[in-house]
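If you're matching positions, the sequence shown starts at 2 in full-length UniProt numbering and goes up one per residue. C-beta: ideal position from N, C-alpha, C; glycine also. Here is the structure we will look at, set down as structure tokens.
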Amino acid sequence: KMIYVLNGPNLNLLGKRQPEIYGHETLEDVDHLCQSVAGDSHAIRLLQSNWEGQIVDWIHEARDSACGIVINPGALTHTSVAILDALNAFDGPVIEVHISQVHKREAFRHHSYVSMRADGVIAGLGLEGYAAAVRRVVTLTSD
Ligand code: DQA
């Protein structure tokens, strides 16, 4: 079984951009963390793009190849009806992750289109949020 861990714009700079908000660890560290949580039962495919359409395409691909999706859509969280629509065409569990506590930040970060589809939402746990999200997908897709 495969879990997609999708990351939106600017998350390629994780560890380098605004470390006071997002910390010093990188997306590669997120990948290793997710792999270790998934164990032997599930494989992880961690992907990142700065392009909305690429993320939509990966969600479509997940319809055939993934049992669940963990997604940090970055700023697209707050703007993208297209990502919401794509997730609505996906049948498995979807967990939304934000590294920072978005509700403590600017008002424009308080609304999420993706939350209208997500089965769980995590914010402010740093990279641990990805681990919790992967664990949740494993729980929901194990039989
Ligand atoms: C983020 C929060 C978003 O508001 C922001 O645009 C990001 C990262 C987070 O992980 O905390 O790029 O999704």
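task = Under 6 Å Cβ to Cβ from Pro94, same chain only, skipping five residues before and after it: list those, please.
result = Gly69, Asp120, Val138, Leu141
query = residue 145 by DSSP, collapsed to three states: which one?
reply = The structure shown does not extend to residue 145, since the chain is modelled only from 2 to 144, so the question has no answer here.
task = Please name the residue or residues paired with Ile72 in a DSSP beta bridge.
result = Residue pairing by DSSP places Ile72 opposite Leu7, Glu97 in a beta bridge.
query = Mind pulling the alpha helix (DSSP H) runs of 4 or more residues that sit fully within the stretch 8-52?
reply = 20-23, 28-39
key: Which residues DSSP lists as bridging Val122, in chain order   = Residue pairing by DSSP places Val122 opposite Glu97 in a beta bridge.
Backbone secondary structure at His61 - three-state DSSP = Shown here, His61 sits in a helix according to DSSP, grouped into three states.
query = Given Ala44, which residues of its chain have a CB within under 6 Å of its CB, disregarding the five upstream and five downstream residues?
reply = Met3
query = Under the rule that 16 or more other beta-carbon atoms within 10 Å means buried, what is His99, buried or exposed?
reply = Classification of His99: buried, given that the 10 Å Cβ count is 16 or more.
task = Specify the secondary structure class of Tyr131 as computed by DSSP and reduced to three states.
result = Annotated three-state conformation of Tyr131 is helix, per DSSP.
Where Gly75 falls, given that 16 or more other Cβ within 10 Å makes a residue buried = By the 10 Å Cβ count, Gly75 comes out buried.
Helix, strand or coil at Phe91 according to DSSP, with G and I counted as helix = coil
task = Give a yes or no on whether the C-beta atoms belonging to Ile84 and Tyr5 are separated by under 9 Å.
result = Annotated as distal: Ile84 and Tyr5, with beta-carbon spacing of 9 Å or more.
key: Reduced DSSP category for Ser143 - H, G, I as helix; E, B as strand; rest coil   = Three-state DSSP puts Ser143 in coil, outside helix and strand.
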